[in-house]
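The structure appears below as structure tokens.
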Amino acid sequence: MPDLSRHMMAFSPLVPLWCLYVLVGAITLLAVAGLARRVRGSLWRLLAGLGIVAWLYSPQRVTETWHPLPETALIVVDQSASMSERNRGEMARSAAERVQAAMDRVPGLVPRIVTLREARHGGTRLFGALQQAAADIPPSRLAGAVLITDGEDHDVPAAVPDVLNPDNGHGQRTLLPLHVLLTGKGEETDRHLRVLQAPPFAIVGKDVTIQVEIDDQGATTAPGATTELTLTQGDGTTFSRPVRIGQPQDITLPVTRPGEMLVGLSAPELPGEVSTRNNHDVIRINGVRDRLRVLLVSGTPNQGERVWRRLLKADPSVDLVHFTILRPPDRDDGTPLSDLALIAFPVNELFQQKIDQFDLIILDGFENRGILPEAYLRNIVNHIRAGGGLLLIGGPEFLTPGSLQDTPLSEILPAHVTTDHGMAIRRFRPDLTETGMRHPVTSGLPGAPEHAGARPDWGPWYRSLRTDSAGGEVLMTGPDRQPLLVLDHAGKGRVAFLLSDQAWLWSHGEGGGGPQSELLRRISHWLMKEPELEENQLEAGITAGQMTITRRSVTPGPAPVVHVTAPDGTEQQVTLEAAGNTGLARARIPARLDGIWTVRDDAGHEAFAAPRAQDPLEFSDLRATASVLSPMVAATGGGVHWLGSDPDAPSLPEMVLAPGRNASAAGRFAFPPRNAHAVAGQQTHAILPAWAMGLFVGLMLLLAWWRESRS
4 MPDLSRHMMA FSPLVPLWCL YVLVGAITLL AVAGLARRVR GSLWRLLAGL
54 GIVAWLYSPQ RVTETWHPLP ETALIVVDQS ASMSERNRGE MARSAAERVQ
104 AAMDRVPGLV PRIVTLREAR HGGTRLFGAL QQAAADIPPS RLAGAVLITD
154 GEDHDVPAAV PDVLNPDNGH GQRTLLPLHV LLTGKGEETD RHLRVLQAPP
204 FAIVGKDVTI QVEIDDQGAT TAPGATTELT LTQGDGTTFS RPVRIGQPQD
254 ITLPVTRPGE MLVGLSAPEL PGEVSTRNNH DVIRINGVRD RLRVLLVSGT
304 PNQGERVWRR LLKADPSVDL VHFTILRPPD RDDGTPLSDL ALIAFPVNEL
354 FQQKIDQFDL IILDGFENRG ILPEAYLRNI VNHIRAGGGL LLIGGPEFLT
404 PGSLQDTPLS EILPAHVTTD HGMAIRRFRP DLTETGMRHP VTSGLPGAPE
454 HAGARPDWGP WYRSLRTDSA GGEVLMTGPD RQPLLVLDHA GKGRVAFLLS
504 DQAWLWSHGE GGGGPQSELL RRISHWLMKE PELEENQLEA GITAGQMTIT
554 RRSVTPGPAP VVHVTAPDGT EQQVTLEAAG NTGLARARIP ARLDGIWTVR
604 DDAGHEAFAA PRAQDPLEFS DLRATASVLS PMVAATGGGV HWLGSDPDAP
654 SLPEMVLAPG RNASAAGRFA FPPRNAHAVA GQQTHAILPA WAMGLFVGLM
704 LLLAWWRESR S
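Here our numbering is used: the first residue of the sequence shown is 4, the next is one more, and so on.
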């Protein structure tokens, strides 16, 4: 661009201004006094003095040479997640290249392309990208901006931002145009399924209510129109509910088991809608049990009783009922009954009327001796087989005649204590069996060995029961590899037998202590059928488009094979890789389809997984629309133009530099000339040269002298 020049007048006083003011005052006073006294030549003296003042003020003629600076027009290219629909992303990139080429042909206009990538949260934020891109551009050199997008933006400000309304440094603001190029042929329609309310937790055995709404965006829907909402639970159960368009709808679902429950929601396609991607959603509800009821019956008071009470009382989800038998009925030491118990032991109420209300029964050092009649013991057996849990902590009481193993409980006990030398009394360290290293109750306990053959880093115990038979799963052993912890299934229920009453030594730090609280917590939760402690289980989860499949088995064997079913019905077989001797086998596979994935193994175990929406706001509206950005475009005097549907030949407006807020019109995007420049040179010339002013002053003084001489 050619250089420009301008002329102006400036002043460069030869003396301080206050001196000039004093001189002007003195000359004026003398002139006024002379004129008042009618002194001849006073006017000429005044002119001579003013000539001296004018010369001292030094007026100059200044000539500046300007070099015009180009203006920068920002081109913000939207490449957020919603631009992946159809060919929007390709259309935006193609249009940006052509807009850049068109601006390059406009003298004084320089384009700068800024690409907005996908954000993790908060949706599309075009104005944030615009603000950041303009940070290093002088406000006087910014011409405006062009947004190439689908029109879905989530940070549109309430007023024109400062980047498009800059201050020129003199308190005046210049409004810069915001232009929008939309990837499409015109306004589109989209159906959106929204989950308004879904509780993250629900109580097992009760119903949970979710609230959903289906909106038809950009479409004209008749009042009261309905559509069918399909719900698919993780186990494959499918049912439908009619839903009114644009109105919240409550739906009730049963919660049948603890753990995560996945429910897929699906709305039918709206004719002509741009995408069905937001017609589906998956909600996650974690089934939790109501307060678990535990009955703890202790024999003679012991250290282990305190440990159990402290552990169960610390769990807010446990409702503990605890009784300690201080003296059996067949023993009489003369102590009044009022001194032995605060309340009577409610045998009939606990073991006849309300036994089915307890999730877990713990018998800790319990010596029966006629306390519980055989009918009540039979009730315990029936309750366990119906789905309850029973934990026995065995001690010397199992060596006496009439112990629990000589009652109906023997039918469900996983081990039988020998009557000949049934107690081993010596120092030993509990050890894990191969099954124990794989079972979730004992696998990975603090201090447990990481590989077979190693010993746990736990403190010692000093006595344990000996057995002559054991069933179920032996997880821990004591002296002479005798069973120490045995778990077993009895009908629908579970039984655990700890053949030592000295686990409390770990909590006292004996010989370095051990994971006593964690072990007892896992045993009790396994008995109460917590899903994460199932000995044979299958789990699946999806993160960042990758599914992680985990299979746990307490039985060694070849690498398991699972069958994975995608939401679209396609199936594949995946071989899992064992992770040492931990009982775990894992695999990772791509899983990018939305919806519920199903994983099954040959043993009949199932797991369900669904990807989590990374940015729900981004996919809340998938239309290409001008409705979101049009108010801001109108406020800045910009324009809106649809690119069409062909990336190879997008429809583009003309790019021009034109003054005036309304310079943009249909088919034309105008940018205002900002007249930004840099001063290339400056020349000064004195308007009153010294020789001319000397001649003028001398002439005035001669005239004054001549006028006086004629008086």
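Glycine included, every Cβ here is placed at the ideal spot set by N, Cα and C.
Counting every other CB atom within 10 Å of its CB across the protein chains shown gives Asn351 a total below 16, marking it as exposed. The criterion of a C-beta distance shorter than 8 Å is not satisfied by Val297 and Leu273. Here the alpha carbons of His70 and Ala695 stand approximately 35 Å from one another. Contact check for Met703 and Gly54: beta-carbon distance about 6 Å, within the 8 Å limit, so the pair qualifies. Remark: C-beta atoms of Pro180 and Gly147 approach each other more closely than 8 Å. Beyond the five residues adjoining it in sequence on each side, Ser406 comes within less than 8 Å, by CB distance, of Glu370, Asn371, Glu400, Val420 in the same chain, given in chain order. Counting only the Cα atoms, Gly92 lies some 12 Å from Asp649. If you draw a 10 Å sphere on the C-beta of Phe361, you find 16 or more other C-beta atoms in it, and that means buried.
In this structure, Gly154 sits near Ala629, with a CB-CB distance shorter than 8 Å.
DSSP, read as helix, strand or coil, puts Asn371 in coil. In the structure shown, the three-state DSSP call for Gly663 is coil.
The three-state reading of DSSP puts Pro486 in strand, counting E and B together.
Per DSSP, Met86 lies in no beta strand (DSSP E) segment and is marked neither H nor E. In its chain, beyond the 5 residues on either side, Gly462 have a beta carbon closer than 6 Å to the beta carbon of Glu513. Using a 10 angstroms sphere on the CB of Arg664, the tally of other CB atoms stays under 16, which defines it as exposed. DSSP places Phe622 in the coil class of the three-state scheme, outside both helix and strand. Cβ neighbours of Leu508 within its own chain (closer than 7 Å, five residues either side excluded): Gly462, Trp464. A direct Cα-to-Cα measurement between Asp483 and Ser301 gives close to 28 Å. In the three-state reduction of the DSSP assignment, Pro62 falls in the strand class.
Per the C-alpha coordinates, the member of Leu587, Asp367, Gly640 positioned closest to Pro561 is Leu587.
Between Lys188 and Gly647, the C-beta spacing is below 8 Å.
Looking at the DSSP output, Asp210 shares a beta bridge with Pro257. Shortest Cα-Cα distance from Ser320 to any of His528, Ser520, Val102, Ile116 involves His528. Nearest C-alpha to Thr553 among Leu632, Leu579, His566: Leu579. In this structure, Leu394 lies away from Ala473, with their beta-carbon atoms at least 8 Å apart. Boundaries for Ala146: no alpha helix (DSSP H) harbours it, while the beta strand (DSSP E) harbouring it runs 145–152, taken from the DSSP string.
Our two residues, Asp210 and Thr327, have alpha carbons roughly 38 Å apart in a direct line. Counting C-beta pairs closer than 8 Å gives three or more between the region 10–23 and the region 58–73, which meets the contact rule. In the DSSP assignment, Trp645 forms a beta bridge with Leu185. Cβ-Cβ distances below 6 Å link Arg197 to Glu216 in the same chain, with the five nearest sequence neighbours on each side left out; the list follows chain order.
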